[in-house]
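S.K.: My structure is below; once you've seen it, I'll send some questions.
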Amino acid sequence: MQMTNPDQLSAAINSLVMSDDKKIELNRLLANKTRQYFRGQIRKQRDIDGNPYQSRTRREISTRYKAGDKEEIKVTQNNKNMLMGLSRALKTSVSKEDFEVGVTGVLGRIGRQHNEGQTLSFTTRMRGFYNSKTNQWEGGTKVKGNYQMPKRTFIGWTPTLERELLAMVATYFLEEETT
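Here's what the structure looks like:
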């Protein structure tokens, strides 16, 4: 049987003759396994199909001397440090009918935009200045810009994940039958 989405797996689990507590337990195990799979793919810097995407590294901290004072700055000249900590934003939700794995928070919103390759709109000021007293940009003209996020699919349904989850369901069901 070939499954094309997670809803079919949930329907197969619901058709099993099990108590509600056992279904919740099985869905919890499947959600954790799915989250671990996605975290592993993010750690390896690969999408769900195993293709590498641009690697991310931590920002380099360098020291700059200015008027006798030492100041540490983070170098942000490359975009290889984007979405650090994304795997911590992966959250699971479990019920007796199904389970979900998704991303939450601000970092999760950015991650979803990367996952789907959405276009991002933003507003900047041209020929303005930063007022340090009000901590805001002032003057100039507002210009709307668009940016196409590169598609980095790190959450999605794959045949590899399907096989792992079906194997877990089979072993769980066999263990329940023997006890």
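FYI, the numbering used here numbers position 103 of the sequence shown as 86, with every residue one higher than the one before it.
Note that CB positions come from ideal geometry on N, CA and C, so glycine has one too.
Because the structure is a prediction, the values reported are computed rather than measured.
#1: Whole angstroms is fine: what's the gap from Tyr155's alpha carbon to Arg146's?
#2: Evaluate contact between the region 15 to 29 and the region 70 to 88, counting only Cβ atoms and requiring at least three cross-stretch pairs below 8 Å.
#3: Is the beta carbon of Val84 sitting closer than 9 Å to the one on Thr75?
#4: Sort Glu8, Thr102 and Lys125 by Cα distance to Gly111 and report the nearest one.
#5: Mind reading off the beta-carbon distance from Met132 to Gly94? Whole number of angstroms is fine, and I expect it under 8 Å.
#6: Closest to Gln119 by CA distance: which of Asn129, Gly128, Arg108 and Lys127 is it?
#7: Check Leu73 in the structure and name its three-state DSSP category.
#8: For Thr136, which residues from the same chain have a beta carbon less than 7 Å from its beta carbon, with the 5 sequence-adjacent residues on both sides left out?
M.R.: In short:
#1: Stepping through the sequence shown from its first residue, residue 155 is reached at position 172. Stepping through the sequence shown from its first residue, residue 146 is reached at position 163. One C-alpha to the other measures close to 14 Å.
#2: yes
#3: Within the sequence shown, numbered from 1, the residue matching residue 84 stands at position 101. Within the sequence shown, numbered from 1, the residue matching residue 75 stands at position 92. Against a cut-off of 9 Å, the Cβ pair of Thr75 and Val84 comes out as a contact.
#4: Residue numbering aside, residue 111 sits at position 128 when the sequence shown is read from its first letter. Taking only the C-alpha atoms, the option nearest Gly111 is Lys125.
#5: Walking along the sequence shown from the start, residue 132 turns up at place 149. Walking along the sequence shown from the start, residue 94 turns up at place 111. Met132 to Gly94, Cβ: 10 Å. No contact.
#6: Working through the sequence shown from its first residue, we reach residue 119 at position 136. Of the candidates Asn129, Gly128, Arg108 and Lys127, the one whose C-alpha sits nearest the C-alpha of Gln119 is Arg108.
#7: By 1-based counting over the sequence shown, the position of residue 73 is 90. Looking at Leu73 - three-state DSSP - the assignment turns out to be strand.
#8: Looking up residue 136 in the sequence shown gives position 153. Closer than 7 Å at Cβ, skipping near neighbours: Asp30, Ile31 and Asn98.
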